[in-house]
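Engineer: FYI, the numbering for the sequence shown is 380 to 530, going by the working numbering.
Beta carbons: idealized from backbone N, C-alpha and C, even for Gly.
Bear in mind the structure is a predicted one, so any value in this text is a computation, not a measurement.
Here's a structure for you.
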Amino acid sequence: MAATKDRLKRDLAAALRARDETAKSNIRMMMAALTVEEVAGDTARELSDAEELAVVTKEMRKRRDSAETYAAAGRQDLADKESAEAEFIAAYLPAPLTDVELAALVDEEIAALGAPATMKNMGGLVKAVTARAEGRAEGRTIAALVRARLA
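Below you can see the structure in the form of structure tokens.
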């Protein structure tokens, strides 16, 4: 467990040796987010790999949303900074599923449903596909694809 945190520690040591301020800052930010999640709740605990992945994904999504907000407000300098941070964080995530792979997962889950695929089944299908995607696809993308397949 804690593969992401171990990788971050190794990368932080390398960034410190290389005097790479950008990498150092981004790595420390991700380590802080993981630590906050570890101590959240009643007792401190070690995060599973899936939980670490969820935290890193959430941090990347925050940066992308911030970049969009800054760009809409006309602050391209801040948008570029946030986009660069999001790309740095994305390097710690598994490769996202392609549209073809995601469509295949959706089709497999629809076939496994055993009942006629209707919009009533959408919630269950999205949940099943999300579980099988293991953080390699965004929920809104999965929901849109399931909705398109059921329509």
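According to DSSP, is D421 helix, strand or coil?
Structural biologist: DSSP places D421 in coil when its eight states are reduced to three.
Engineer: Does A402 get closer than 7 Å to chain C when you measure Cβ to Cβ?
Structural biologist: Within the model displayed, chain C is absent; a lone protein chain is all it includes.
Engineer: What's the C-alpha gap between D456 and E488?
Structural biologist: Cα-Cα distance, rounded: 43 Å.
Engineer: Tell me, please, whether the region 479-487 touches the region 511-529 by the rule of three or more beta-carbon pairs shorter than 8 Å.
Structural biologist: Touching, yes.
Engineer: For the alpha helix (DSSP H) containing A446, name the first residue and the last one.
Structural biologist: Run containing A446: D428 to A451, per the alpha helix (DSSP H) assignment.
Engineer: Would DSSP call E513 helix, strand or coil?
Structural biologist: Of the three classes helix, strand and coil, the one that applies to E513 here is coil, per DSSP.
Engineer: Could you compute how far the alpha carbon of L472 sits from the alpha carbon of A451?
Structural biologist: Between L472 and A451, the C-alpha separation is close to 27 Å.
Engineer: So, is A530 buried or exposed, given that buried needs 16 or more other C-beta atoms within 10 angstroms?
Structural biologist: A530 comes out exposed.
Engineer: Report the option in G503, A412 and R398 whose CA atom is closest to the CA atom of I468.
Structural biologist: Residue A412 is the option with its Cα nearest to I468.
Engineer: Is T383 helix, strand or coil when you go by DSSP?
Structural biologist: Helix.
Engineer: From V434, R528, A510 and A490, pick the residue whose C-alpha is nearest to that of A419; which is it?
Structural biologist: Nearest of V434, R528, A510 and A490 to A419, Cα basis: V434.
Engineer: Compare the C-alpha of E430 against each of M410, E416 and S404 and name the closest.
Structural biologist: The residue with the shortest Cα to Cα distance from E430 is E416.
Engineer: Could you check the C-alpha separation between A494 and A382 for me, to the nearest Å?
Structural biologist: Each residue's Cα considered, the two are about 39 Å apart.
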